[in-house]
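To start, the structure under review is shown below, and the notes come after it.
In the UniProt record's numbering, the protein residues as written are 1 to 61.
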């Protein structure tokens with residue numbers, strides 16, 4: 001049964017990998033809402049900068 005040891009090693013490796021994977025959100029509801037709003041604010045700023053850049057390039061032409 002040379003295969004048995006290999007199977008056990010693969011199972012142990014997979015269990016170790018699954019233990020390190022974060023499965024759930026550890027933030028509370030208010031923390032999650034704040035993080036979500038912060039990310040949305042950053043994206044709004046990026047979008048405004050991109051639109052300003054497009055407008056500046058359009059005015060040069």
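Where is the CB? At the ideal position from N, CA and C, for every residue including glycine.
Which of helix, strand or coil DSSP assigns to residue i
i, result
"residue 28", "coil"
"residue 23", "coil"
"residue 61", "coil"
Same chain only: Cβ atoms within 8 Å of residue i, ignoring 5 sequence neighbours per side
i, result
"residue 25", "32"
Same chain, Cβ closer than 6 Å to residue i, five either side skipped, listed in chain order
i, result
"residue 51", "none"
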